[in-house]
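Student:
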Amino acid sequence: MSSTTDTAHHGHDDHHHGPAYGITRWLFTTNHKDLGVLYMSFGLLMFFIGGAMAMVIRAELFQPGLNVVDPYFFNQMTTMHALVMIFGAVMPALTGLANWLIPVQIGAPDMALPRINNWAFWLLPAGFVLLLATLFMPGGGPAGGWTMYPPLVLQLGDAFPFLIFAVHILGISSIMGSINIVATVLNMRAPGMTLMKMPLFVWTWLITAFLMIAVMPVLAGAVTMLLTDQYFGTSFFDAAGGGDPVMFQHIFWFFGHPEVYILILPAFGIVSAILPTFSRKPLFGYSSMVYATAAIAFLSFIVWAHHMFTVGLPLAGQLFFMFATMLVAVPTGVKIFNWMATMWRGSMTFETPMLFSIAFVVLFTVGGLSGVMLALAPVDLQYHDTYFVVAHFHYVLVSGTVFAIMAAVYYWLPKWTGHMYDEKLGKIHFWVSAISVNVLFFPQHFLGLAGMPRRIPDYALQFAEFNMISSIGGFVFGFSQLLFLYIIIKCVRGGEKATDQVWDGAQGLEWTLPSPAPYHTFDTPPVVR
Amino acid sequence: MSQAEGSYYVPHDSRWPVFGIPGMTLLAAGFSVYLNGGDWGVPMMVLGAVITIIMTVMWFRDVVNESVAGKYNAQVDISFRQGMAWFIFSEVMFFGVFFGALFYARVFSIPWLSGGDPATSQYLWDSVVLSWPTAGPGMLDLQYQAMGAWALPTINTLILLTSGVTLTWAHHAIKENHRQKVIIGLGLTVALGLMFSSIQAYEYFYAWDELNLRMDTGIYGSLFYMLTGFHGVHVIIGALTLFVILLRVIKGHFTADDHFGFEAAAWYWHFVDVVWLGLFVFVYLI
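Listed in order, the protein sequences are those of chains A and B. Heads up: the first sequence begins at 1 in the working numbering, then just goes up one per residue. Heads up: the second sequence begins at 530 in the working numbering, then just goes up one per residue.
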């Protein structure tokens, strides 16, 4: 493809420089590939920091009794594990994939707003410096749960304002990154790349970015009210002043429910790219996939109170949110069946990205079905705040989103580095992860159904066996991710040379580029038929 | 697509975002230290604010220089329009939170506390009856007055509506390349914005001292200051932006068909205007 060696344009030298040398390349870069690498590296670092916190949690829960850490520190670990994983690991990793892939998938020279792109990334380390520093402050870090419910969160020590401003800064980062993605997708597509020809990863990210622009300001507003309640005497969440602590939960989950779809929709896009490649068939039901994604995004705004069935909602509210939540299963089911139909009678091969994607389809469905159980208001009264909920959202987030991110890394790593990763090690990484993640989370269903509450460092003796099994699964899963890190580093440093198309069934503009892709691509837009 | 007209401008590198990050971090950390009662909070905030202001000025200076040098083609223009429009959408959602809190308090929590939800009123404040505006069941003896809709808020509504007209007048003038009229229209708009802010400052002093209406006057005081306060900040930012645009008009940066900087500031100003109408109706009037 000649689009990468552009000699037709004179007087645009600023387009044809390579990367700068040294640290300034990474500090000042406006290049979408550099920023994609930065985002993904940051996500990987946070994945291990948040993972270390999870190890502390599972070590404490290995046996009944208070064994390893102080209960207050345990609470900090559950709270920070969630904040770090959501805002530090998964969202940046997905945004990194978006930065790297969207321009090359739609034939654009770069992201629409390159300076904003740089700013959005560098706000992340700022936010996490503030957030992680709280662990060393008098009174410790945030310990009231990542949902920051008042009045509990107001009992926090010096960490409280740092938590609020960290959320603000991470929110600005997300909004800026999302505005950039929407502008890129709507404005930077190559001629002929109509909306309904875009790869599904681009579609899911367009809708995800819209959700982020819509709900991150809502979170910012909610935590601002916490701040003024704490320091400026307001009564938003205080019944004595006519406010209502439950109002915080409404506002938080109006953000929080779209947020969980922000975490899963790009994963849908990744899997929709990988399954057709290794089935050697086009994606089944492309347009229904697009409409299903949009339907899920719409529904995400009208289901938030299913997180609050136990607060004393009016009956009409319980009914509405129960039925609306169950509706989500319809477009999600469309997606699951489309993926199965894509694989049906395909010439399937099982390279590592495909294995992670198939595991995604199976295990995400497990998490989705336990979600339908939780959607039932009368049933949720029993399950609420138990390990059943923990099992549910870890199935969709870990064996769902995180598996999809790993699939994406294996799938596109040859395009990024120019080298094939070590397939044998990749397969070992997959099988150890897929087995251990089930050992880790499946017993938590039983614990929750039997009544074990979440976020408590100790438990009754009857829960001992399943907790020990879960912890063993957790340690294996946690430490097997070091293998993932090793495989990535090994692939970056060398390996078998990757071809341009990399995978023989791969379709799309990114596979027309050389491997590794040059620093600047599609300076002249390709023509898409 | 317009890419064919010439390549899309991607800057070499961008120093100001990274330069500004320590500023924003210091601003946030300094405010936190201040709220926790530390001595270093205010100096940290000042330093952080200075760095952040330098970042903003230098960043916009770069963009303005590139724009004047003609580096932005039609496609870059569309990216800016998209960026500004979605930014305003995020601001709409931000104000939506506080309006939502207002409606929640008036439709749900106040009636529930007043016996609408038997359990709430029995266990918390039995047989208390509240009506809007209220400082809540815990402060029934508090003497304060609500801010009425007439006089100051009405004057401010008229001022903002007029500023919308003068701004649109300036917009028409810029399209006709009539610079003198643009300068007059923009100048009037900025002046009306300043007038609005001054009257609001007076209104705040009046409410605080004369009406005994403060941020700790229960849910009414909380919502009143939160909604009008964030709006007031946006008026000041909008007026500052329009003032910078006025300077750029005087420098001759804009032409009849290329003046997105002006339009972005105008969009923002109209957005702030519309928010005020919502405030006037829901906070002051009913």
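Quick reminder that beta carbons are idealized off the backbone N, C-alpha and C, glycines included.
Does the separation of the CB atoms of Ala675 (chain B) and Pro662 (chain B) fall below 7 Å?
Tutor: In contact: Ala675 (chain B) and Pro662 (chain B) (Cβ atoms closer than 7 Å).
Student: For Leu83 (chain A), which residues in the same chain have their Cβ closer than 6 Å to its Cβ, ignoring the five residues on either side in sequence?
Tutor: Excluding sequence neighbours, Leu83 (chain A) sits near Trp146.
Student: To the nearest angstrom, how far is it from the Cα of Val575 (chain B) to the Cα of Ala558 (chain B)?
Tutor: So the alpha carbons of these two residues sit roughly 11 Å apart.
Student: Note down, in chain order, all residues in the segment 619-643 of chain B with a beta-carbon under 9 Å from any beta-carbon belonging to chain A.
Tutor: Hits within the stretch, in order: Ser619, Glu620, Val621, Met622, Phe623, Phe624, Gly625, Val626, Phe627, Gly629, Ala630, Tyr633, Ala634, Phe637, Ser638, Ile639, Trp641 and Leu642.
Student: What are the start and end residues of each continuous alpha helix (DSSP H) run of 4 or more residues lying completely inside the segment 628-712 of chain B, in chain order?
Tutor: 647-652 and 681-704, all fully within the segment 628-712 of chain B.
Student: Give every residue of the same chain whose Cβ lies closer than 7 Å to the Cβ of Ser751 (chain B), excluding the five residues on either side of it in the sequence, and list them in chain order.
Tutor: Excluding residues within five positions, the ones whose Cβ falls inside 7 Å are Met744.
Student: Would a C-beta distance cut-off of 7 Å place Pro138 (chain A) and Asp158 (chain A) closer than the cut-off?
Tutor: In contact: Pro138 (chain A) and Asp158 (chain A) (Cβ atoms closer than 7 Å).
Student: Given 6 Å as the limit, tell me if Ile684 (chain B) has its C-beta closer than that to any heavy atom belonging to the ligand SAH.
Tutor: Of the ligands one can find in the structure shown there are none, so the ligand SAH has no counterpart to examine.
Student: Tell me the DSSP bridge mates of His419 (chain A)?
Tutor: Partner(s): A:Lys497.
Student: What does the Cβ neighbour count give for His566 (chain B), buried or exposed, with the cut at 16 atoms within 10 Å?
Tutor: Before going on, a small fix: residue 566 (chain B) reads as Gly here, not His. Answer is exposed; the Cβ neighbour count stays below 16.
Student: Output, in chain order, the set of chain A residues within a Cβ distance shorter than 7 Å of Ile607 (chain B).
Tutor: Ordered by position in chain A, the residues that pass the 7 Å Cβ test against Ile607 (chain B) are Asn187.
Student: At what residue ranges does the segment 264-317 of chain A contain a whole run of the alpha helix (DSSP H), taking only runs of 4 or more?
Tutor: Entirely contained in the segment 264-317 of chain A, the alpha helix (DSSP H) runs reaching 4 residues are, in chain order, 286-300.
Student: Suppose the cutoff is 7 Å on Cβ atoms and the five residues either side in sequence are ignored; what does the same chain contact list for Thr581 (chain B) look like?
Tutor: Result list for Thr581 (chain B): Gly549, Gly552, Met553 and Leu556, in chain order.
Student: Determine the burial state of His9 (chain A): buried for a count of at least 16 other Cβ atoms within 10 Å of its Cβ, exposed for fewer.
Tutor: Because the pLDDT at His9 (chain A) is just 41, under 50, the model does not fix this residue reliably, and the value given afterwards should be weighed accordingly. It is exposed - the Cβ of His9 (chain A) has fewer than 16 other Cβ atoms within 10 Å.
Student: Taking the alpha-carbon positions, what's the Leu564 (chain B) to Ala768 (chain B) distance?
Tutor: Answer to the nearest angstrom: the Cα atoms are 29 Å apart.
Student: Just grab the DSSP bridge partners of Asp542 (chain B) for me.
Tutor: Answer by DSSP bridge pairing, in chain order: A:Thr29.
Student: Looking at the structure shown, is Thr7 (chain A) part of a helix, part of a strand, or coil, going by DSSP?
Tutor: Low confidence applies to Thr7 (chain A): its pLDDT is 39, below 50, so where it sits in the model is not reliable, and the reading given next is rough at best. Note: Thr7 (chain A) maps to coil in three-state DSSP.
Student: Put Thr342 (chain A) into one of helix, strand or coil per three-state DSSP.
Tutor: Helix.
Student: Opposite Thr386 (chain A) in the DSSP bridges: which residues?
Tutor: In the DSSP output, where bridge partners are listed per residue, Thr386 (chain A) has A:Pro453.
Student: Excluding the 5 residues flanking Val657 (chain B) on each side, which residues of the same chain have their C-beta closer than 6 Å to its C-beta?
Tutor: Once the five neighbours on either side are set aside, the close Cβ partners of Val657 (chain B) are Pro666.
Student: Got a sec? Which residues, its chain only, sit under 7 Å from Phe121 (chain A) by beta carbon, not counting five neighbours each side?
Tutor: Cβ neighbours of Phe121 (chain A) beyond the five flanking positions: Leu35, Leu38 and Tyr39.
Student: Determine the burial state of Ile23 (chain A): buried for a count of at least 16 other Cβ atoms within 10 Å of its Cβ, exposed for fewer.
Tutor: Exposed is the call here.
Student: Do Ile684 (chain B) and Ser726 (chain B) have their C-beta atoms closer together than 7 Å?
Tutor: Taking 7 Å as the Cβ cut-off, Ile684 (chain B) and Ser726 (chain B) do not qualify as a contacting pair.
Student: With DSSP run on the structure shown, which of helix, strand or coil describes Lys600 (chain B)?
Tutor: The answer is coil: DSSP assigns Lys600 (chain B) none of H, G, I, E or B.
Student: Which first and last residues belong to the alpha helix (DSSP H) in which Trp798 (chain B) is found?
Tutor: Looking at the DSSP string, the run of the alpha helix (DSSP H) that includes Trp798 (chain B) is Phe789 to Leu808.
Student: Excluding five sequence neighbours on each side, which residues of the same chain lie with their C-beta closer than 7 Å to the C-beta of Leu381 (chain A)?
Tutor: The answer, listed in chain order, is Phe309 and Thr310.
Student: Are the beta-carbon atoms of Ala407 (chain A) and Ser357 (chain A) separated by less than 7 Å?
Tutor: Yes.
Student: Are at least three pairs of beta-carbons, each pair with one atom in the segment 112-129 of chain A and one in the segment 172-190 of chain A, less than 8 Å apart?
Tutor: Segments in contact, yes.
Student: Can you list, in chain order, the residues of its chain whose CB lies under 7 Å from that of Gln444 (chain A), leaving out five sequence neighbours each side?
Tutor: These residues qualify, in order along the chain: Tyr387, Val390, Ala391 and Ser470.
Student: If we call anything under 7 Å between Cβ atoms a contact, is Thr757 (chain B) one with Tyr673 (chain B)?
Tutor: In this structure, Tyr673 (chain B) does not lie closer than 7 Å to Thr757 (chain B) by Cβ.
Student: Quick one: is Trp661 (chain B) near chain A, going by C-beta distance under 7 Å?
Tutor: No, its Cβ sits nowhere closer than 7 Å to a Cβ of chain A.
Student: Evaluate the contact criterion for the segment 264-284 of chain A versus the segment 343-353 of chain A: three or more CB pairs, one atom per stretch, below 8 Å.
Tutor: Yes, the segment 264-284 of chain A touches the segment 343-353 of chain A.
Student: From A:Asp238, A:His168, A:Ile106 and A:Tyr519, pick the residue whose C-alpha is nearest to that of Leu154 (chain A); which is it?
Tutor: Ranking the options by Cα distance to Leu154 (chain A), first place goes to A:Asp238.
Student: Kindly indicate if chain B contains any beta-carbon less than 7 Å away from that of Arg529 (chain A).
Tutor: Closer than 7 Å: no.
Student: If you count every other CB in all the chains shown that lies within 10 Å of the CB of Ile489 (chain A), and 16 or more means buried, which is it?
Tutor: With fewer than 16 other Cβ atoms within 10 Å, it is exposed.
Student: Can you find the residues in the same chain that come closer than 6 Å, C-beta to C-beta, to Leu447 (chain A), ignoring five residues on each side of it along the sequence?
Tutor: Answer for Leu447 (chain A): Tyr387, Phe463 and Phe466, listed in chain order.
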